[in-house]
Amino acid sequence: MTEPLRRRKSSFSGGGDGNTCVEIAPLRTRVAIRDSRHPTRGPLSFPAPAFHAFVEALRSGGAPV
Numbered sequence: 007m008t009e010p011l012r013r014r015k016s017s018f019s020g021g022g023d024g025n026t027c028v029e030i031a032p033l034r035t036r037v038a039i040r041d042s043r044h045p046t047r048g049p050l051s052f053p054a055p056a057f058h059a060f061v062e063a064l065r066s067g068g069a070p071v
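So that you can map any letter, position 9 of the sequence shown is 15 in the working numbering, and since no number is skipped, the others follow by simple counting.
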């Protein structure tokens with residue numbers, strides 16, 4: 007049996023029901039991302055190092071490579 011993903015909503019979800027955001031779920035070697043407005047659609051997944059580099063580039067104001 008597989009363990010359910012532990013999803014976390016973006017801290018920029020906004021007010022109300024918080025339904026306009028992305029959710030992330032860390033996996034062993036990848037990060038899964040989904041749109042909370044369409045939770046039944048399949049998530050996208052990226053290698054963890056690539057996702058972390060993307061987030062760091064956003065935080066620093068630079069464009070991801």
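Idealized CB from N, CA, C, for every residue including glycine.
| Can you tell me whether DSSP reads P45 as helix, strand or coil? | Correct three-state label for P45: coil.
| said: Can you find the residues in the same chain that come closer than 6 Å, C-beta to C-beta, to R13, ignoring five residues on each side of it along the sequence? | reply: E29, A31, listed in sequence order.
| message | Can you check which of these residues, A59, A56, C27, F60, is closest to P45 by C-alpha distance? | response | Checked all of A59, A56, C27, F60; the closest Cα to P45 is C27.
| message | Among the candidates G67, H58, S66, D41, whose CA atom is the shortest distance from the CA of T35? | response | Here the closest residue by C-alpha is H58.
| message | Just to check my reading of the structure: A56 and P49 have Cβ atoms closer than 8 Å, yes? What is that Cβ distance to the nearest angstrom? | response | With 8 Å as the limit, A56 and P49 do not qualify as a contact, their Cβ atoms being about 15 Å apart.
| query | Residues bridged to F60 by DSSP? | reply | Beta-bridge annotation (DSSP): F60 is not paired with any residue.
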